[in-house]
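First the structure, in the form of structure tokens, and then the observations on it.
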Amino acid sequence: MPSAKPARERILDAAYELMLTVGLARATTKEIAKGADCSEAALYKYFASKEDLFIRVLSERLPRLTPLLHGLAAEPGRASLEENLTEIARRATLFYEQSFPIAASLYAETRLKRRHDDVMREMGTGPHLPIEGLDTYLRAEQGAGRVRADADTFAAASLLLGACAQRAFAYDATRDGTRPPVDDFARRVARALRVGLC
Numbered sequence: 564m565p566s567a568k569p570a571r572e573r574i575l576d577a578a579y580e581l582m583l584t585v586g587l588a589r590a591t592t593k594e595i596a597k598g599a600d601c602s603e604a605a606l607y608k609y610f611a612s613k614e615d616l617f618i619r620v621l622s623e624r625l626p627r628l629t630p631l632l633h634g635l636a637a638e639p640g641r642a643s644l645e646e647n648l649t650e651i652a653r654r655a656t657l658f659y660e661q662s663f664p665i666a667a668s669l670y671a672e673t674r675l676k677r678r679h680d681d682v683m684r685e686m687g688t689g690p691h692l693p694i695e696g697l698d699t700y701l702r703a704e705q706g707a708g709r710v711r712a713d714a715d716t717f718a719a720a721s722l723l724l725g726a727c728a729q730r731a732f733a734y735d736a737t738r739d740g741t742r743p744p745v746d747d748f749a750r751r752v753a754r755a756l757r758v759g760l761c
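Each residue of the sequence shown is one higher than the one before, starting from 564 at the first, in this note's numbering.
Take a look at the structure:
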């Protein structure tokens, strides 16, 4: 019996599951369509390419950071700076934790990575946008007087998101292979950054 979900949702679900288990390079549109119980032609009705589908998986199936950053930048002063940075770090940590297993294979295949980067440029998206969004938020807080006037907001944004991305793979080789708990990690990173910004 076919799923009651619309085809586009089934395709996104199947792509997410397949990309998570075998990586982007090995997740073929044929296998994704099969997992979604539809034809490849139906897949291409909703998504222009596998790269387009991958970007939609990232934006629609993983924790969303951009709307949070835009909302905070529009309303500086909402909650405490440390609370806001903690929530940003928490979402970023979860996003990178889930996206790294999917995207890692991009870096093993130069042509695939180049094609993926071209599609991201065409769509006006990319991994630089969260850094720019966090920089915009921190500059808004600077304008509100909650961040030092001489603070380097771009460097601070890069440090926070870099730490969150690093957590996704830096602890795999430890004795027990355990990453620091998300909430504790986010709180500690946010506190360290806040101390440097205020």
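Note that CB positions come from ideal geometry on N, CA and C, so glycine has one too. Source: prediction; values computed, not measured.
Span of the alpha helix (DSSP H) around residue i
{"i": "ALA671", "result": "ALA671 -> no alpha helix (DSSP H), and no H or E assigned at all."}
{"i": "LEU632", "result": "629-637"}
{"i": "GLY687", "result": "GLY687 -> no alpha helix (DSSP H), and no H or E assigned at all."}
{"i": "LYS608", "result": "603-609"}
Beta-carbon gap between residue i and residue j smaller than 7 Å
{"i": "ALA731", "j": "LEU697", "result": "no"}
{"i": "LEU756", "j": "LEU648", "result": "yes"}
{"i": "CYS727", "j": "TYR670", "result": "no"}
{"i": "THR665", "j": "LEU587", "result": "Strictly speaking, residue 665 in this sequence is Ile, with Thr absent from that position. Yes, these two residues count as a Cβ contact at 7 Å."}
{"i": "ARG702", "j": "THR716", "result": "yes"}
Helix, strand or coil at residue i according to DSSP, with G and I counted as helix
{"i": "LEU581", "result": "helix"}
{"i": "VAL745", "result": "helix"}
{"i": "ALA596", "result": "helix"}
{"i": "ASP615", "result": "helix"}
{"i": "GLY640", "result": "coil"}
{"i": "ASP715", "result": "coil"}
{"i": "ASP698", "result": "helix"}
{"i": "ARG625", "result": "In the sequence as displayed, the identity of residue 625 is Leu instead of Arg. Coil, per DSSP."}
{"i": "PRO693", "result": "helix"}
{"i": "PRO664", "result": "helix"}
{"i": "ALA655", "result": "helix"}
{"i": "ASP735", "result": "coil"}
{"i": "THR649", "result": "helix"}
{"i": "GLN730", "result": "The amino acid occupying residue 730 in the given sequence is Arg; Gln does not appear at that position. Three-state DSSP puts ARG730 in a helix."}
Option nearest residue i by Cα separation, candidates the options
{"i": "GLY634", "options": "THR741, GLU704, ILE595", "result": "GLU704"}
{"i": "SER612", "options": "LEU724, THR591, ASP576", "result": "THR591"}
{"i": "GLN661", "options": "TYR700, THR673, PHE617, ALA753", "result": "PHE617"}
{"i": "ALA707", "options": "LEU621, SER643, TYR609", "result": "SER643"}
{"i": "LEU724", "options": "ALA714, ASP739, LEU692, GLY640", "result": "LEU692"}
{"i": "GLU614", "options": "ALA604, MET582, GLU638, THR629", "result": "MET582"}
{"i": "PHE748", "options": "ARG711, THR656, ARG684, TYR609", "result": "THR656"}
{"i": "ARG571", "options": "MET683, ARG619, THR584", "result": "ARG619"}
{"i": "VAL745", "options": "CYS761, ARG738, GLU650", "result": "GLU650"}
Inter-residue spacing [alpha-carbon to alpha-carbon] between residue i and residue j
{"i": "ALA718", "j": "ARG624", "result": "28 Å"}
{"i": "ALA596", "j": "LEU606", "result": "6 Å"}
{"i": "ALA599", "j": "LEU675", "result": "23 Å"}
{"i": "GLU645", "j": "ALA753", "result": "6 Å"}
{"i": "ALA578", "j": "SER602", "result": "14 Å"}
{"i": "ALA736", "j": "ASP713", "result": "38 Å"}
{"i": "PRO630", "j": "ALA636", "result": "10 Å"}
{"i": "PRO639", "j": "ARG709", "result": "9 Å"}
{"i": "LEU722", "j": "GLY759", "result": "11 Å"}
beta-carbon residue i near the ligand HEM non-hydrogen atom, thresh 6 Å
{"i": "VAL745", "result": "As presented, the structure is devoid of all ligands, the ligand HEM included, so that no description of it is given."}
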